[in-house]
Amino acid sequence: MGTLPAMTTSTATRSPVSTVRTGDIQYWSRTLIPTAKDAPADAEAPSHKLLVRGGFIRRLAAGVYDYLPLGHRVLRKVTEIVREEMDRAGASELLLPALCPTELLHETGRADEYGDLLMRFEDRHGRDSYLGPTHEEVITELMRSAVSSYKQLPLNLYQIQTKYRDEFRPRAGLLRGREFLMKDAYSFHMHVEGEGGLNETYDAMYRAYSNVFERCGLNFGAVEAEAGPIGGSASHEFMVFCDTGEDTILRCPETGYAANMEKCEIGERSWSLEGEPSGEAEDVHTPDCPGIEDVSKLLKVKTRNMLKSVVFRVKSTPEELEKYGEEWIVAVVRGDHEVNEGKVKKAAEVGAIELAEPEKARANGFEIGYVSPRANLGKKGVLVVVDPDAAQGLDIEKGKPMFWVTGADKKDYHTKHFCWSRDLGMTIEEATTGSCPALMVADVRNAMAGDPSPKAEGVELEAQRGIEVGHIFKLGTKYSEAMGYTIMGEDQALHPVIMGCYGIGVSRTMASAVEMSHDDNGIVWPLALAPYHVLVTVMKPDDSASMDAAKNVASGLSASGFDVLIDDRFERPGFKFKDADLIGIPIRLTIGDKGLAEGAVEFKLRTDGGKGEFVKFDAVVDRCLEVAGG
Ligand code: ATP
Ligand code: MG
């Protein structure tokens, strides 16, 4: 017999109030738990299948779910843990409206930035409104009208509220919904360092998040994410590690450095554009093959021998446009690699970039789908950034010239035997030197398993899948500046307020617990999140002695803080046990004739196979406390 993960942990003890709370008792026949044998046809993720089959949630529309009684109880448990840890970290809870006026988003430019993700509509008076996807603007609006003295800072305010994002592809049930529950917190400071500074609150949130996910019983870690406007490692994502996760995390086994794939740096990679041609340059007809995979199949060339050229447009202000004209960046990576927009932006040292619109790019001489590194090379306002793995003149493994296939800069054609030193239309030296070189080599791709670690020489990065359940972020003055929220400091000068923001996907956390913890038969809830801690299955609910025994056991457990569900349905035992496996309540007590005769119940954990052990009625509470670590 194993033990279950503790309800409490040494680093994050529950508040005394909730340990003395009496537990709830509910009867299956009096609540709504519509279990089902089959999962919805479109469900792929285990949490989606099992939460629907177990009667926790039900789909109302794409990405929109009902939380049925069991589901709602789990959500409440996550919420309570989050609330306790936030309060303990000194934050104050409030509740902002979900329905907001769009004019606020115009102040920061996010009405456009969000685009279709924003649930936006006109009300009956023609006012442009939206349902909040997050609340930086709303809280900054509150703060600028309510807090005007540095003496009132720092402040950390949070809410637990339904959020709306019109995700293009809502998927996997609660993992990516269009309506979901989030805890979002925002902190306000006059300075970054020292007492009362942003860093202090950021660190407190980091610890609070660690406590939350530890108490939830999740296998998680914090990883470095795309940094914010303030230097250093200004953003962390909290990831639940499991194979079905959408995100890829890379870690250095030597140093413990972990980062999400987009953020992860790559260690030194050697490169050289020098090298002889592998053959005569040859244009081949590749009709309707703008994609790397299609060309690779058609020409029977490995994607690693192809150059992928992705065109970005620099988002310039009207003044910059006037001064420099339209600016373009061509990022070149190997065909089997992915361009990383953040890295491109960093390498080019520009403020903001976006994927070029095909029409506009074509009008400027970039034949999208067939672009090569030499397209517009050397023209004013064009920078080519080549990833080190693509910047190879020599095939080192084979010890001969590198064979490259690239776009031919004309529709439906690719070029075989592209050679850096021959085909740029200028020498490598001309392209790469000067005060404003036309071509540079820099890390511009997503990291992958096997890449050199940026933290330890000779060590390779390892990959792991994860689900982002939380995100903490140093915002700096992005919102306060855009919204004109300044405060007079001690120095009698006006300063834009420094902000941090901290989110937890509450409903996503619930689903990730299932992703992480289930088996072929159903969910295996961690004790802290289980809708009920104990399930009492009554074999003969029409027998009054059995029901009395169940009620007695339940009230004893309730007095010790356990939430108890009594399965009193008139169903076959086999059916009830299958449902018990499915809904995944951690501790199971069965009341049947054999046990009753001995004054005992059959005791079993969800994680145990086979038969249980008999435990005398008066020892049941202690036995349950034992496995609960209480
Ligand atoms: P993602 O990259 O998964 O789209 P995000 O980075 O855009 O998420 P944030 O703005 O950081 O999300 O929101 C804070 C938290 O809210 C996330 O860490 C995640 O747990 C949760 N969350 C975000 N989008 C959704 C969604 N569509 N459904 C459920 N939870 C979500
Ligand atoms: Mg995020």
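Using my numbering, read the sequence shown as starting at 1082 and increasing by one per residue. Where a beta carbon is used, it is the ideal one built from N, C-alpha and C, also for glycine. Keep in mind that this is a model prediction, so the values were computed, not measured.
Whether residue i touches residue j by CB criterion (7 Å)
i     : j     : result
V1420 : V1466 : no
V1365 : H1495 : yes
E1335 : V1540 : yes
C1377 : T1384 : The residue asked about is misnamed: residue 1377 is Ser in this sequence, not Cys. Yes, the pair counts as a contact, with Cβ atoms nearer than the cut-off.
Y1239 : M1167 : yes
I1666 : Y1613 : yes
E1363 : K1492 : no
E1057 : T1325 : Here the chain has residues from 1082 to 1711 only, and residue 1057 is not among them.
S1627 : L1255 : no
K1244 : V1163 : no
D1649 : P1622 : yes
R1154 : Y1146 : no
G1680 : K1697 : yes
A1442 : V1392 : yes
A1221 : Y1566 : Note that residue 1221 corresponds to Thr in the displayed sequence, not to Ala. Contact: yes.
E1448 : D1476 : no
A1670 : F1651 : The amino acid occupying residue 1670 in the given sequence is Leu; Ala does not appear at that position. No, they are not a contact pair.
Y1451 : G1416 : no
R1259 : D1247 : yes
Those residues which DSSP pairs with residue i across a bridge
i     : result
C1517 : C1517 is not bridged to any residue.
P1533 : E1541
S1173 : L1238
Y1148 : I1138
P1482 : L1475
Y1245 : E1260
M1320 : G1302 and E1549
Simplified DSSP assignment, three categories, for residue i
i     : result
C1297 : coil
D1168 : helix
G1655 : helix
Y1287 : helix
N1341 : strand
E1666 : A small correction: the amino acid at residue 1666 is Ile; Glu does not occupy that position in the sequence shown. In the structure shown, I1666 sits in coil (DSSP, three-state: anything other than H, G, I, E or B).
V1696 : strand
Q1473 : strand
P1454 : coil
S1099 : In this prediction, S1099 scores a pLDDT of 43, lower than 50, which makes its location untrustworthy; the coordinate-derived value is nonetheless stated afterwards. Residue state, collapsed to three classes: helix.
G1313 : Confidence at G1313 is low in this model, with a pLDDT of 48, below 50, so the placement of that residue is unreliable and no value is reported for it.
D1265 : strand
R1111 : helix
V1645 : strand
S1210 : strand
R1503 : helix
T1671 : strand
P1439 : helix
G1278 : coil
K1685 : strand
K1232 : helix
I1449 : coil
V1163 : helix
K1621 : coil
E1422 : helix
E1403 : helix
H1272 : coil
S1351 : coil
L1608 : coil
H1614 : coil
Where the alpha helix (DSSP H) through residue i begins and ends
i     : result
Y1560 : K1559 to A1563
E1218 : E1217 to A1227
R1191 : R1191 to Y1195
A1709 : V1701 to A1709
G1680 : Careful: G1680 lies outside any alpha helix (DSSP H) and carries neither H nor E.
Limits of the unbroken beta strand (DSSP E) element including residue i
i     : result
L1131 : That residue, L1131, is in no beta strand (DSSP E); its alpha helix (DSSP H) goes P1127 to R1134.
W1485 : W1485 to G1488
P1182 : L1180 to P1182
T1329 : D1328 to R1332
A1412 : W1409 to R1415
R1201 : M1200 to E1203
V1465 : V1463 to V1467
Short CB-CB distance (under 7 Å) between residue i and chain B
i     : result
E1357 : In the displayed structure, chain B is absent; only one protein chain is listed.
Any non-hydrogen atom of the ligand GDP within 6 Å of residue i CB
i     : result
H1552 : This structure does not include the ligand GDP; its bound ligands are the ligand ATP and the ligand MG.
Ranges of the alpha helix (DSSP H) found wholly within the stretch 1360 to 1401, counting only runs of at least 4: If one requires a minimum length of 4 residues, the alpha helix (DSSP H) runs lying completely within the stretch 1360 to 1401 are 1373 to 1380, in chain order.
- prompt: Quick one: complete beta strand (DSSP E) runs, 3+ long, within the stretch 1558 to 1603?
  reply: 1567 to 1569, 1575 to 1577 and 1579 to 1586
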